[in-house]
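**Student:** In full-length UniProt numbering, the protein residues as written are 1 to 331.
Glycine residues also receive a C-beta, built at the ideal position from the N, C-alpha and C atoms.
Quick one: this structure, given as structure tokens, is what I'll be asking you about.
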């Protein structure tokens, strides 16, 4: 039995439940084979309601992004104007890096409905069922030295935070360096990967993942306490193309500001949206855990952490978690 046969049958019975027994009989397969194909259709983004003793009912098809529709919504000059939409890729980052090596211009955008090997910071995977999230990578060619690369990570976080907050009405905060949270749960992941030459950046691939219209059943149970979608948080679905267009416009405008005025305006904005500052946290910078109170960013984009003895330590990469309040910690 092919997925197309099962899908055709469910489409023909739209709005009606079809029992597993009937599907088995009509398609000449076992009930187990039916169940496996149902799971595969759900993984492809089809919404299928399953009710004991009633069967299965198709309630929604995956929403595919359309290049013409997306570009009609763009208000940018360069970002997203060279657009590549793919159905399935290993990773949008990998596709974008190939394009970058072939000379793709700044602002080139790769979007995939499904990633088989999508990745986030620290090598983590990213959950994004087809038609319900956003998985995309944007090409930058900044004329800045390698040591200032952390600034671009923070810029990306500010751009996405501001645009999503404006489009959804949700209170979104930034957990250092670039995780976006709603009520303490993650709704977006950002990953920057760069190519360098002579201590300068040749190009940067900015990977952006947004959990847009995912439902609780789309997440592994272990993630539900730490992750949420915009739809789950707001109680309504969102137009993915509109969110992408808004994010690209905000990103392009802040990137222009960064090139004109440097990091200071971005630093101020990041600190405004941060949910990390001025509270005691536990940090793991790769050499064991320590506790401290993040106070702000330095000029290069590092996080300045006040230690229990009153001294300061600047970090550029670390895992941050909650910790018990420290004695005499400033609020």
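Which partner residues of residue 203 appear in the DSSP bridge assignment?
**Tutor:** 195
**Student:** When DSSP builds the beta bridges, which residues end up paired with residue 322?
**Tutor:** 281
**Student:** Please determine if the segment 171-181 and the segment 94-113 are in contact, where contact requires at least 3 C-beta pairs separated by less than 8 Å.
**Tutor:** no
**Student:** Give every residue of the same chain whose Cβ lies closer than 7 Å to the Cβ of residue 241, excluding the five residues on either side of it in the sequence, and list them in chain order.
**Tutor:** 65, 69, 70 and 73, listed in sequence order.
**Student:** Going by DSSP in three states, residue 76 sits in which element: helix, strand or coil?
**Tutor:** coil
**Student:** Which runs of the alpha helix (DSSP H) at least 4 residues long sit entirely within the segment 243-275? Give them in chain order.
**Tutor:** 264-273
**Student:** Bridge partners of residue 179, per DSSP?
**Tutor:** 175
**Student:** Would you check if the segment 305-322 and the segment 154-170 touch, i.e. whether three or more CB-CB distances between them fall below 8 Å?
**Tutor:** no
**Student:** Identify, in the order they occur along the chain, each residue of the same chain with its Cβ nearer than 6 Å to the Cβ of residue 231, setting aside the five sequence neighbours on each side.
**Tutor:** 213 and 237
**Student:** Have a look at residue 122 and residue 54 and give me their C-alpha separation to the nearest angstrom.
**Tutor:** In this predicted model, residue 122 has a pLDDT of only 48, less than 50, meaning its place in the structure is not dependable enough to derive any value.
**Student:** Spatial neighbours of residue 257 within its chain, please: CB distance less than 6 Å, with the 5 preceding and 5 following residues excluded, ordered by chain position.
**Tutor:** 265
**Student:** State the beta-bridge partners of residue 56 as determined by DSSP.
**Tutor:** Residue pairing by DSSP puts residue 56 in a beta bridge opposite 18 and 50.
**Student:** For residue 135 versus residue 209, is the C-beta spacing smaller than 8 Å?
**Tutor:** yes
**Student:** Report the three-state DSSP secondary structure of residue 188 (helix, strand or coil).
**Tutor:** strand
**Student:** Since residue 65 is in the beta strand (DSSP E), which residue starts that stretch and which ends it?
**Tutor:** Element bounds for residue 65: n/a, residue is neither H nor E.
**Student:** Label residue 51 either buried or exposed according to how many other C-beta atoms from any shown protein chain fall within 10 Å of its C-beta, with 16 as the threshold for buried.
**Tutor:** exposed
**Student:** Have a look at residue 170 and residue 235 and give me their C-alpha separation to the nearest angstrom.
**Tutor:** 11 Å
**Student:** Can you tell me which of the three DSSP states residue 108 falls into?
**Tutor:** coil
**Student:** Please report how far the alpha carbon of residue 142 lies from the alpha carbon of residue 187, in whole angstroms.
**Tutor:** Whole-angstrom Cα-Cα distance: 27 Å.
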